[in-house]
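Okay, structure first, notes after.
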Amino acid sequence: MAELILELKNLKKYFPLPNGQSVKAVDGVSLQLFKGETLGLVGESGCGKSTIAYMVVGMYGATEGEIIYKGENLARKGYKRSLKQKGEIQIVFQDPGSSLNSRRNIGKSLELPLKLHSKLSKKERQNRIEELLEMVGLPVDFSKKMPRHIGGGERQLVSVARALGSSPQFIILDEPTSALDVSVQAKVISTLIKLQKQLDLSYLFITHDLSLMRNVATRVAILYLGRLCEVAPTSEFFHSPFHPYTQMLLSSIPVATDEEEKIKPAKIISEGEIPSPVNAPSGCTFHTRCRECMEICRQVIPSMVEIEPNHFVCCHKYPDSGTES
Ligand code: SF4
9 MAELILELKN
19 LKKYFPLPNG
29 QSVKAVDGVS
39 LQLFKGETLG
49 LVGESGCGKS
59 TIAYMVVGMY
69 GATEGEIIYK
79 GENLARKGYK
89 RSLKQKGEIQ
99 IVFQDPGSSL
109 NSRRNIGKSL
119 ELPLKLHSKL
129 SKKERQNRIE
139 ELLEMVGLPV
149 DFSKKMPRHI
159 GGGERQLVSV
169 ARALGSSPQF
179 IILDEPTSAL
189 DVSVQAKVIS
199 TLIKLQKQLD
209 LSYLFITHDL
219 SLMRNVATRV
229 AILYLGRLCE
239 VAPTSEFFHS
249 PFHPYTQMLL
259 SSIPVATDEE
269 EKIKPAKIIS
279 EGEIPSPVNA
289 PSGCTFHTRC
299 RECMEICRQV
309 IPSMVEIEPN
319 HFVCCHKYPD
329 SGTES
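Each number in our numbering comes from the position in the sequence shown (counting from 1) with 8 added on.
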C-alpha cells in the first residue's frame, strides 16, 4: 500500500470581512496525498485551490481542521514548523518573474535555501548550485545571469531548482505553467515528471487546466467554491465522471484522440456564473448551476461517499450521500 505523506482533515479557511460576514475560501476539505504521486487539484479561478496550498506551506493559518504531515498536525494553533519541515514541503508559484528576486543573480537565488537548509561550505554550495541547474536541464553558466536576462520557462525551471535546494519530499506546483508560452510549457512539465521519478517526489499540482491532468496526474480532485466535488484515479476520472460539475468541466475540454472523444460527456452548457464565496448557496453550493438539482440539494450539504474503490463523489444523486446540514 502506498505511503501516506500528507493528509488534510476538514480543512477550513474563512477570511473575515469588516461587515461581519466572511469569505469561505476553503470549507471543509479532506484529502490524502501519497508518496511518489501527483494529485491534480483542479477548479475554476477563486475556488480555493491556492488558499489550500498557502495553508499547507504555512503562509496562511487554518481557521479549522488539520494538516497532518509525518504524524504532526501543522495546522494546530501555535504550532511552529521546524526548519526541516519547511525544507521538506516546498512550493513553486505561478509567476516565476515575481517569485525570483530581480536584483539577485540566479546563483544567489539558488544559494539562499542551501545556506538555510544545509551545512555546506561555500565551495560545496557552488557545486550544488551547478548540480541543481543541471537537474532542471539548464546550463551551469546560468548562475551568473539575472532573472530578466532569461526566458519565462527558464525562470520557472530556476524556481524548480530553488525548491529542490532544500531536498524536499513534497512540492506544491501552483499553476506552474499557466503564465508560460505553450512552446515552453512542455519542457517544464517533462522536467517535473523526470525529477519526480528521479527523486521520488510527491506533487500537489494545482491547475484550472483539466486536460493537462490527463497525462500528468495520478489522481484528480475537483474543487468548487471551497469544497471538494469528486476525487478519483486519473484514468477512471476521465472515463467515468460522476459529479455534474465534473461532467460539465470535462464536456468542454479539447481532446486529442478519437478514443478520448468517445468517452467525453456530451457538451453541457454552464448555467450561470460562479456564486460569490461570501454568499455561497445553501446546501450543495453547485445547485444554482446544476441541471440535475433536486429539492434536497438546496437544503442539505452532500457528504463525500466512495462509490467505487478510491473514487469519491459528493452529490445527492448517489445513495448514502450526505445528511449534513
Ligand atoms: Fe447537482 Fe444536487 Fe448533485 Fe449538487 S447535490 S451536484 S445540485 S445533483
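Each residue gets a CB set at the ideal place from its N, CA and C atoms; glycine is no exception.
Please read these numbers as outputs of a predicted model, since none were measured by experiment.
Per DSSP, Asn-318 has no beta bridge partner at all. Here DSSP, grouped into helix, strand and coil, assigns Ala-225 to coil.
The stretch 176–183 and the stretch 210–228 touch, with no fewer than 3 CB-CB distances between them shorter than 8 angstroms.
Around the C-beta of Ser-174, 16 or more other C-beta atoms lie within 10 Å, and the residue is accordingly described as buried. Contact annotation: Ser-167 and Leu-209 have beta-carbon atoms that are not nearer than 8 angstroms. If you check the CB distance, Phe-178 and Ile-60 do not come in under 8 angstroms. Contact between Val-192 and Gly-160 holds, with the beta-carbon distance rounding to 7 angstroms and staying under 8 angstroms. Under DSSP, the beta-bridge partners assigned to Val-50 are Thr-215, Ile-230.
Leu-120 is not bridged by DSSP to any residue.
For Glu-74, the shortest separation between its Cβ and any heavy atom of ligand 1 does not lie below 7 angstroms. Glu-238 sits in a strand when the DSSP states are folded into three classes. For Gln-98, the three-state secondary structure derived from DSSP is strand. A distance criterion of 7 angstroms places the beta-carbon of Met-312 beyond contact range of ligand 1, judged by its closest non-hydrogen atom.
With at least 16 other beta carbons inside 10 angstroms of its own, Tyr-77 counts as buried. Secondary structure note for Ile-13: it is in no alpha helix (DSSP H), and the uninterrupted beta strand (DSSP E) holding it is 12–24. Taking the Cα of Gly-291 as reference, the smallest distance to any Cα among Ser-311, His-247, Lys-275 is reached at Ser-311. Straight through space, the alpha carbons of Leu-165 and Lys-152 are spaced by roughly 15 angstroms.
Of the heavy atoms belonging to ligand 1, at least one sits nearer than 7 angstroms to the Cβ of Phe-294.
In its chain, beyond the 5 residues on either side, Phe-320 have a beta carbon closer than 6 angstroms to the beta carbon of Glu-314. CA-CA distance, Ala-229 to His-251, rounds to 11 angstroms. The beta-carbon separation of Gly-69 and Leu-231, rounded to 20 angstroms, does not stay under the 8 angstroms limit for a contact. Taken through DSSP and simplified to helix, strand or coil, Ala-33 comes out as strand.
If you check the C-beta of Glu-300 against ligand 1, you find a heavy atom less than 7 angstroms away. Contact between the stretch 97–115 and the stretch 134–153 is present, with at least three C-beta pairs closer than 8 angstroms.
Remark: the shortest separation between the CB of Cys-55 and any heavy atom of ligand 1 does not fall under 7 angstroms. Ser-259 carries a helical assignment under DSSP once its states are collapsed to helix, strand and coil.
Annotation: Asn-81 to Pro-289 spans about 31 angstroms, alpha carbon to alpha carbon. Excluding its 5 nearest sequence neighbours in each direction, Glu-238 has C-beta neighbours in its own chain below 6 angstroms: Ile-230, His-251, Thr-254, Val-321, listed in chain order.
DSSP places Ile-179 in the uninterrupted beta strand (DSSP E) bounded by 178–182. The Cβ atoms of Lys-20 and Gly-73 lie closer than 8 angstroms to each other. Beyond the five residues adjoining it in sequence on each side, Leu-91 comes within less than 8 angstroms, by CB distance, of Leu-124, His-125 in the same chain, given in chain order. Ser-106 and Asn-287 have their C-alpha atoms roughly 32 angstroms apart.
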